[in-house]
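In terms of this note's numbering, the sequence shown opens at residue 2 and continues consecutively.
Using N, Cα and C, we set each Cβ at its ideal position, and we do this for glycine too.
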Amino acid sequence: MSYCIFQTESGSLSLLFLERSLLIGFWFAGASFLSFLKKTYFRWILFKSGNERKINYSMLKYLSPILTICILMSINACKNMPEEETPAEWQPNYDETKVPNYDLPDLLTAASGDKIANTAQWEQQRRPEIIELFKEHVYGHIPAAGKDTLWWETTKEDANALGGTAIRKEIQCYFTEDREGPSMQLMVYQPKTAVEPVPAFLALNFFGNHSIHPDTSITMSDGWMMASEKIGIVDHKATEASRGARSSRWPIERIIERGYALAVIYCGDLDPDYDDGFQNGIQSLFYKEGQTAPAANEWGTIGAWSWGLSRGLDVLQQTPGIDGEKVSVFGHSRLGKTSLWAGALDERFALVISNNSGCGGAALSRRAFGEAVTRINTNFPHWFNTNFKKYNDKEGDLPVDQHQLLALIAPRPLYVASAEEDQWADPRGEFLSTVNTNPVYQLYGLDGLPTKEMPKVDEPVAATVGYHVRSGGHDVKPYDWEQYMDFADRHLRTRPIAD
Ligand code: GTR
Numbered sequence: 002m003s004y005c006i007f008q009t010e011s012g013s014l015s016l017l018f019l020e021r022s023l024l025i026g027f028w029f030a031g032a033s034f035l036s037f038l039k040k041t042y043f044r045w046i047l048f049k050s051g052n053e054r055k056i057n058y059s060m061l062k063y064l065s066p067i068l069t070i071c072i073l074m075s076i077n078a079c080k081n082m083p084e085e086e087t088p089a090e091w092q093p094n095y096d097e098t099k100v101p102n103y104d105l106p107d108l109l110t111a112a113s114g115d116k117i118a119n120t121a122q123w124e125q126q127r128r129p130e131i132i133e134l135f136k137e138h139v140y141g142h143i144p145a146a147g148k149d150t151l152w153w154e155t156t157k158e159d160a161n162a163l164g165g166t167a168i169r170k171e172i173q174c175y176f177t178e179d180r181e182g183p184s185m186q187l188m189v190y191q192p193k194t195a196v197e198p199v200p201a202f203l204a205l206n207f208f209g210n211h212s213i214h215p216d217t218s219i220t221m222s223d224g225w226m227m228a229s230e231k232i233g234i235v236d237h238k239a240t241e242a243s244r245g246a247r248s249s250r251w252p253i254e255r256i257i258e259r260g261y262a263l264a265v266i267y268c269g270d271l272d273p274d275y276d277d278g279f280q281n282g283i284q285s286l287f288y289k290e291g292q293t294a295p296a297a298n299e300w301g302t303i304g305a306w307s308w309g310l311s312r313g314l315d316v317l318q319q320t321p322g323i324d325g326e327k328v329s330v331f332g333h334s335r336l337g338k339t340s341l342w343a344g345a346l347d348e349r350f351a352l353v354i355s356n357n358s359g360c361g362g363a364a365l366s367r368r369a370f371g372e373a374v375t376r377i378n379t380n381f382p383h384w385f386n387t388n389f390k391k392y393n394d395k396e397g398d399l400p401v402d403q404h405q406l407l408a409l410i411a412p413r414p415l416y417v418a419s420a421e422e423d424q425w426a427d428p429r430g431e432f433l434s435t436v437n438t439n440p441v442y443q444l445y446g447l448d449g450l451p452t453k454e455m456p457k458v459d460e461p462v463a464a465t466v467g468y469h470v471r472s473g474g475h476d477v478k479p480y481d482w483e484q485y486m487d488f489a490d491r492h493l494r495t496r497p498i499a500d
């Protein structure tokens with residue numbers, strides 16, 4: 002993967018000079034040709050009228066000053082050229098020895114310089130301050146204005162899903178009074194035999210709710226989708242081939258067997274994942290009179306997705322059979338960045354899981370290892386707010402780093418997972434960020450992550466904070482889910498599951 006940024010090497014400058022001189026030369030040649038045509042035309046008119054006289058070609062005497070001006074202008078254009086004009090390759094750094102030296106912003110020192118010594122100070126002073134910084138500089142503020150209407154209806158229910166072991170519901174959640182307005186579909190699988198409300202995992206998915214299981218009775222999502230032949234997306238629309246195309250990431254039968262519910266939402270219902278200037282997502286519901294795009298410090302797509310997760314939680318908390326106090330928020334990759342932000346903002350989430358979330362998720366930005374801020378902002382300008390772009394190639398200037406995002410989840414349980422081959426997401430940066438949350442967990446008298454050493458591959462470590470680096474690449478595997486469910490068992494279950 003490579004892309005161009007621009008640099009000012011002298012070689013590139015001479016090339017640019019040549020290019021601009023040629024261009025100006027072409028303009029001049031064009032102008033001379035037009036002037037020649039004009040003269041020939043007049044000559045013909047004069048000839049026809051019998052008044053031909055000697056034409057004065059003295060214009061040629063202007064040629065040399067014009068050429069000189071052209072060359073001077075060209076030199077000047079190159080001198081004044083903004084720094085970003087000469088293309089060069091951007092290369093990710095995968096070399097630990099080239100990771101810049103950095104100091105992480107201190108979790109327990111407030112902006113005022115006050116030392117945070119107890120949970121009250123953390124909760125009343127430092128935590129809100131850090132949230133504010135993330136809103137202002139990274140994920141954006143959620144506009145206060147807007148119609149925050151939410152109502153829902155169950156549009157489909159299958160009481161015998163998964164061979165009779167589960168109930169499956171499709172719940173349409175509307176954000177305006179009418180059904181034609183923007184809405185999202187929450188699909189819930191819950192164990193059929195549970196005798197009491199069960200804990201649930203809530204997550205966004207990339208390709209529609211129907212992509213997580215091949216069951217043909219699941220309503221196919223008709224929204225815009227990212228192009229993917231492999232998943233069966235044609236012209237940005239789901240086709241029958243996309244049914245269950247992502248089922249390997251969602252071991253639903255196993256989740257049900259272990260006594261959990263699974264609730265999913267297609268992220269594109271909230272904001273389709275492309276840069277359209279925020280016309281088609283839920284952001285427009287929040288625009289003030291005359292506003293056409295979020296302000297520089299307002300939310301982007303990740304902000305909108307995380308807002309949607311909280312609306313999903315609103316609904317789940319009122320869904321019979323679900324224990325609304327025990328909902329874990331889960332997300333992979335860009336949706337892992339989202340689950341972290343949702344979990345940080347919405348303390349009703351009982352447990353937070355980030356799977357391979359990388360840059361802008363669990364990984365420390367200051368390491369600039371693998372995907373870096375400039376790259377993510379260039380490829381996905383709509384994910385974060387506009388202010389975040391100020392930190393392209395300037396991670397050290399960020400007033401926050403990602404360990405602070407993770408620490409906002411304390412004292413609730415947090416699990417971060419990396420994958421060994423997913424160097425793009427910087428597994429080491431994800432681990433360091435996770436372990437650096439410990440001071441806040443310790444304020445609560447809790448063990449955060451019980452190790453300072455990065456654990457070996459496939460050897461999970463966990464106390465109130467859990468971490469593993471799985472063998473293999475960027476993906477969600479049954480192995481990951483087993484760790485998440487073990488972790489949730491430890492933290493959310495007070496008694497054994499009834500059969
Ligand atoms: C990559 C992006 C990552 C990650 C990933 C994903 O292209 O660079 O930050 O989010 O996509 O979401 O699968």
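{"query": "Neighbourhood of A160 by C-beta, 7 Å cutoff - its chain only, sequence neighbours within 5 removed", "result": "I168"}
{"query": "Segments of 3+ residues assigned as beta strand (DSSP E) that fall wholly inside the region 345-429", "result": "352-356 and 415-420"}
{"query": "Unbroken alpha helix (DSSP H) run spanning S311, endpoints", "result": "T302 to L317"}
{"query": "For A282, three-class secondary structure by DSSP", "result": "What sits at residue 282 in the sequence shown is Gly, not Ala. It is coil, neither helix nor strand."}
{"query": "Neighbourhood of E422 by C-beta distance below 7 Å, restricted to the same chain and skipping five residues each side", "result": "G473 and G474"}
{"query": "Cutoff 8 Å; reference R247; Cβ partners in own chain excluding five residues on either side", "result": "N206, F207, F208, S212, I213 and I232"}
{"query": "Alpha-carbon to alpha-carbon, V100 and G325", "result": "43 Å"}
{"query": "Limits of the beta strand (DSSP E) - the one that P129 falls within", "result": "From DSSP, P129 is part of no beta strand (DSSP E) but of the alpha helix (DSSP H) over R128 to F135."}
{"query": "Cβ-heavy atom distance, S419 to the ligand ZN, below 7 Å", "result": "The ligand ZN is absent from the structure shown, which contains only the ligand GTR."}
{"query": "Limits of the beta strand (DSSP E) - the one that I117 falls within", "result": "Premise fails: I117 is in no beta strand (DSSP E) and is neither H nor E."}
{"query": "Pair within 8 Å by beta-carbon distance, G322 and V199", "result": "yes"}
{"query": "Assigned exposure category for I56 - 16 Cβ within 10 Å defines buried", "result": "Any answer about I56 is weak, because its pLDDT of 47 lies below 50 and its placement is not dependable; what the coordinates show is given next. That one is exposed."}
{"query": "C360 beta carbon near the ligand GTR (any heavy atom closer than 7 Å)", "result": "yes"}
{"query": "Contacts around Q173, its chain only, beta-carbon distance under 7 Å, and the 5 residues preceding and following it disregarded", "result": "W153, E154, T156, S184 and Q186"}
{"query": "Close beta carbons around H138, own chain, < 7 Å, minus the five adjacent residues each side", "result": "N388, F389, L399, P400 and V401"}
{"query": "Segment contact flag, the region 260-268 with the region 352-360, C-beta cutoff 8 Å, min 3 pairs", "result": "no"}
{"query": "Coarse secondary structure for I143, derived from DSSP in three states", "result": "coil"}
{"query": "Spatially closest choice to Y190 from A411, P252, E241 and L134, by CA coordinates", "result": "P252"}
{"query": "Cα-Cα separation, A464 to L450", "result": "6 Å"}
{"query": "Test item: CB-CB of Y95 and F381 under 8 Å", "result": "no"}
{"query": "Three-state secondary structure (DSSP) of E171", "result": "strand"}
{"query": "I377: CB within 7 Å of a non-hydrogen atom of the ligand GTR", "result": "yes"}
{"query": "N380 Cβ short of 7 Å to the ligand GTR heavy atom set", "result": "yes"}
{"query": "Nearest to P136 (by Cα), restricted to the options G446, E97 and A345", "result": "Before going further, note that residue 136 is Lys rather than Pro in the sequence given. Looking at the Cα atoms, A345 is the closest of the given residues."}
{"query": "Rounded separation between D481 and R250 - CA only", "result": "9 Å"}
{"query": "8 Å Cβ cutoff met for E299 and G141", "result": "yes"}
{"query": "Burial state of S358 (16 or more Cβ within 10 Å)", "result": "buried"}
{"query": "Length-filtered (3 minimum) beta strand (DSSP E) runs lying within the region 168-237", "result": "184-192 and 199-206"}
{"query": "Distance CB(S243)-CB(I234) smaller than 8 Å", "result": "yes"}
{"query": "Beta-carbon proximity list for T339, same chain, < 8 Å, skipping 5 on both sides", "result": "L205, C268, I303, W306, S307, L310 and G332"}
{"query": "Inter-residue Cα distance where the pair is G362 and D272", "result": "19 Å"}
{"query": "Assumed close pair L314, D347 - CB separation to whole angstroms, cut-off 8 Å", "result": "7 Å"}
{"query": "Neighbour-count burial assignment, G467, 16 or more Cβ in a 10 Å radius", "result": "buried"}
{"query": "Those residues which DSSP pairs with H333 across a bridge", "result": "N356"}
{"query": "Reduced DSSP secondary structure (H/G/I, E/B, other) of V462", "result": "strand"}
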